[in-house]
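Novice: Counted the way UniProt numbering counts, the sequence shown spans residues 1 to 651. Note that CB positions come from ideal geometry on N, CA and C, so glycine has one too. Please read all numbers here as calculations on a predicted model, not as lab measurements.
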Amino acid sequence: MANLWRGIDPRQNVGYLQNNALRTAQMIKIIDAGGFRWRLLAVGASGFFATSYGFITNSVIKPALYYLYPPCGRLDNAGMVLDELTLVAMVIGMLAAGHLADRWGRKKLYGFELTILIIATLGVVQASEGFRSQYADGSYEYTMDIYSWIAWWRMLLGLGIGAEYPIVSIITAEWSATKSRGRMLASVFAVQPFARLLAYGVLLAALRVSSAKNGLSPDAMEDDAAFTAKRVADQVWRWVAGLALVPAVLAIGLRVTIPESPRYYADIVRDMAQALARAARYSSVSDAVEESGNKVGDDALPAAGTAEPKDNSNNNRPKETVGWFAGAWHYLNQSGPHQCGPHTPGRRLAALSTIWFLTDTCWYILSLDSGSGMSTQWRLDSPVINSTLASIPGQSCPELNSWRSDPSHPKSIYHEFEGQSVSFMLIDSIGSVLGNLALICLINRIHRRHLLIATLLGLGLLFTIAGAIVIATGTGVTEVKVLFGVMQFLFSLGPRTLVMILGAEMFPTVYRGTFYGVAAAVGKIGAIVIRPIIGRTGKGQVALGARLLVAVPLTLVAAWLAAKQLPLVQKPREREGETGGEEGPTYAAQESDEGERERADGGVVIDAAATAEGEDLNRRERTQTVLGVLGQKLEDMKLEEIAPNPGLDVI
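1. Is the beta carbon of A163 closer than 7 Å to that of A97?
2. Rounded to a whole number of angstroms, what is the C-alpha to C-alpha distance between W329 and I116?
3. Using a Cβ-Cβ cut-off of 8 Å (strictly less than) and excluding sequence neighbours within five positions of W152, which residues of its own chain qualify?
4. Just curious, the beta strand (DSSP E) that E129 is in, first and last residue?
5. Return the first residue and the last residue of the beta strand (DSSP E) that Q334 is part of.
6. List the endpoints of the continuous beta strand (DSSP E) containing D145.
7. Please determine, among S353, I56 and L439, the residue with the shortest C-alpha to C-alpha distance to A519.
8. Following the continuous beta strand (DSSP E) through P572, name the residue where it begins and the one where it ends.
9. Return helix, strand or coil for L461, following the three-state DSSP convention.
10. Could you tell me the distance, in whole angstroms, from the CA atom of N58 to the CA atom of A127?
11. With a Cβ-Cβ cutoff of 7 Å, do L452 and L490 count as a contact?
12. So if DSSP puts E635 in a beta bridge, which residue, or which two residues, is it bridged to?
13. Do you know how far the Cα of G111 is from the Cα of L68?
14. L276 to Q570, Cα distance in whole Å?
15. Quick check: is any heavy atom of the ligand ZN less than 6 Å from the C-beta of L442?
16. Assuming G435 and L493 are in contact, meaning their beta carbons sit under 8 Å apart, how far apart are those beta carbons, in whole angstroms?
17. Is it right to say S217 is buried, meaning 16 or more other beta carbons lie within 10 angstroms of its own, or is it exposed?
18. With C-beta atoms as the reference, is L198 less than 7 Å away from S421?
19. If we call anything under 7 Å between Cβ atoms a contact, is M27 one with A266?
20. Straight-line CA distance for C72 to K411?
21. Closest to L568 by CA distance: which of V510, I642, G517 and A521 is it?
22. Hey, does A177 have any beta-carbon neighbour from chain D nearer than 7 Å?
23. The alpha helix (DSSP H) with S59 in it runs from where to where?
24. In its own chain, which residues sit with a C-beta less than 8 Å from the C-beta of G130, not counting the 5 before and 5 after it?
25. What is the residue span of the alpha helix (DSSP H) that V542 lies within?
26. Helix, strand or coil: how does DSSP classify E594 here?
27. Three or more C-beta pairs under 8 Å: does that hold for the region 346-362 against the region 518-536?
28. Mark C441 as exposed unless 16 or more other C-beta atoms lie within 10 angstroms of its C-beta, in which case mark it buried.
29. Using the C-alpha atoms, what's the distance from I56 back to R37?
30. Does W104 pass the burial test, meaning 16 or more other C-beta atoms within 10 Å, or should it be called exposed?
31. Once DSSP output is grouped into helix, strand and coil, what is the label at M506?
32. Going by alpha carbons, who is nearest to N333 out of P345, W324 and F325?
33. Between which two residues does the alpha helix (DSSP H) harbouring V125 extend?
34. Is it buried or exposed, S432, if we count other Cβ atoms within 10 angstroms and call 16 or more buried?
35. Kindly give me the distance between the Cβ atoms of L254 and S46, rounded to whole angstroms, as I take these residues to be in contact under 8 Å.
36. What residue range does the alpha helix (DSSP H) around K213 cover?
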């Protein structure tokens, strides 16, 4: 692809643009020219896929760890400890990476979090117990504690996973064309259920290949073929954990090709020449410009004889220099009407963080990432299943059987792995995958806020029905399976994905990473809180039903907050049949006449006769009140329109 900017001083190309309002408008137009970028999708999706896969592996490999290394005398409730350490590290990673991306720049962190993930994955896969000594009484002593090593590497892994959340959101939101931003973000985050599905698929494939290679019969109990079964289990969990390296390495290679975000240069560094240069180097606008025979920026100039658009960006006036945290606090507490609603940015941040916290809590209440929790839902008419530490009579150590999701039904390690994989794929994966695909199709048909409210209310209803069935009957296997599958569909269609999308859009460039990291971290605190509660109350039928009913008011509170505090980030398309669409406009020169004028905020040519002031106000009013209708096409608002950058220089 020809590149107009290669070998040319970008300052010479933008010198004729006299103020930063025009330069910002031109930068946005160049980014928007790219349309839906498959390369950007590959960059964002590959990294998020790797971290999503790495996170779920802890639940996938837990039975193998318990089977090979019984926690007896090692670590009380080892699975819970590993989960909590991973989640705490994720919170730290979210906060640190989000803030550093705003202070140091996005480019410096591209791939850094994935490097941490790669190192941690290698550490997990190579963890061992060291040298084993056997005493006369038959007991063993080891030179290393494998759970200590895995806990350390899982903490490091959690840091990398948490750091990926703000980084992938920044990359995708700031590099996406405005009209395809929602679809791009939805597509990137849609890989999460596919990563979970792959993890269990790899488990099943590795189990069958390794069992066939080692001659392990599926029905062989551990006493009959202990050595062979442990050999297979060890191979299986290391294959499952180690496969996270593949998408992580691929993502690092792709991110090397992505330059620094133009919005970082424009809004934080305040170097518009560099911002325009970065945008043009990555955009396909150069081809369109050369075909039309015009240089970049001609159509951003005001028409002859008209006044130059007023610079509303505050970038040309001297500003008070304040500390970064003082500036952030001032921004969060600024009062007065905003373009996306009357609430202060601080209230919107608090609302999004709370919604994220509540929805994460509700999702973990389902316990679908736990083998014992899945067993409870898969076979509700079985004998009471309340603790993974329940023992089989005659066993000296109850934890010898903690690898079984249902200790009341002894089975081989092969059937444990197989049952866990199949039940997860049927209950969780089908609904989650379909929910994300549906969101990609509906992202520009329904306002994100309205879709979030609707799915939260739907989840509240399903939580009520499912909880009542579980408590009242203790059976209804088919009904509960269907309800849990539909809930997974609604979670992926709504809160589990939409909070991540809105978090990438609601905040200005100068604070986008930090505030996104804060909201995501608060959400993960919900998971940290609910995990030990589930562990204490157990996963029996009554406990599960009670937790399902507790989730009902949580979803209602989240829906109320979304309705009252979150902004609309979309508007009805202004013109039907608009050329360029989501593939980006062409930048051919346009003749100015009395019926057309140029808008400095986006460079969109608008017919003055068709945009009378009264009609424009009515349209904006309808945008705030209309409940997104499936037949109505929406378009994303510009990031700068959703959350204008504050007028303070921060250091």
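Specialist: Result, derived from the coordinates:
1. Yes, the pair counts as a contact, with Cβ atoms nearer than the cut-off.
2. Separation of W329 and I116 (C-alpha to C-alpha, rounded to the nearest whole angstrom) is 31 Å.
3. The residues are G123.
4. Looking at the DSSP string, E129 is not in any beta strand (DSSP E), and its letter there is neither H nor E.
5. Here Q334 belongs to no beta strand (DSSP E), and DSSP marks it neither H nor E.
6. Under the DSSP assignment, D145 falls outside any beta strand (DSSP E); it carries neither an H nor an E label.
7. Closest option to A519, Cα to Cα, is S353.
8. Q570 to P572 is the span of the beta strand (DSSP E), which, as asked, contains P572.
9. Annotated three-state conformation of L461 is helix, per DSSP.
10. Taking the CA atoms as reference points, N58 sits about 14 Å from A127.
11. The beta carbons of L452 and L490 sit no closer together than 7 Å.
12. According to DSSP, residue pairing for E635 in a beta bridge involves K571.
13. Their Cα atoms are separated by approximately 34 Å.
14. Roughly 25 Å between the two C-alpha positions.
15. The ligand content of the structure shown is nil, which means the ligand ZN is not present either.
16. With 8 Å as the limit, G435 and L493 qualify as a contact, their Cβ atoms being about 4 Å apart.
17. For S217, the number of other beta carbons within 10 angstroms of its own is below 16, and it is reported as exposed.
18. In this structure, S421 does not lie closer than 7 Å to L198 by Cβ.
19. With a cutoff of 7 Å on beta-carbon distance, M27 and A266 are scored as near each other.
20. So the alpha carbons of these two residues sit roughly 20 Å apart.
21. Of all alpha-carbon atoms in V510, I642, G517 and A521, the one lying nearest the alpha-carbon of L568 is that of I642.
22. This model lacks chain D altogether, as it is built from one protein chain only.
23. Annotation for S59: the continuous alpha helix (DSSP H) segment containing it runs W38 to L68.
24. Around G130: Y142, T143 and M144.
25. Element bounds for V542: Q541 to Q565.
26. Because the pLDDT of E594 is 32, which lies under 50, any placement of that residue in the model is unreliable, and the question is left without a value.
27. Judged by Cβ distances under 8 Å, the region 346-362 makes contact with the region 518-536, as three or more pairs qualify.
28. That one is exposed.
29. Cα to Cα, the separation comes out at about 28 Å.
30. The residue in question, W104, is exposed, as its Cβ has fewer than 16 Cβ neighbours within 10 Å.
31. Note: M506 maps to coil in three-state DSSP.
32. Taking the Cα of N333 as reference, the smallest distance to any Cα among P345, W324 and F325 is reached at P345.
33. First-last of the alpha helix (DSSP H) with V125: F112 to V125.
34. Buried, by the Cβ-count rule.
35. Rounded to the nearest angstrom, the Cβ distance from L254 to S46 is 6 Å, consistent with a contact under 8 Å.
36. Per DSSP, the continuous alpha helix (DSSP H) segment holding K213 begins and ends at V191 to N214.
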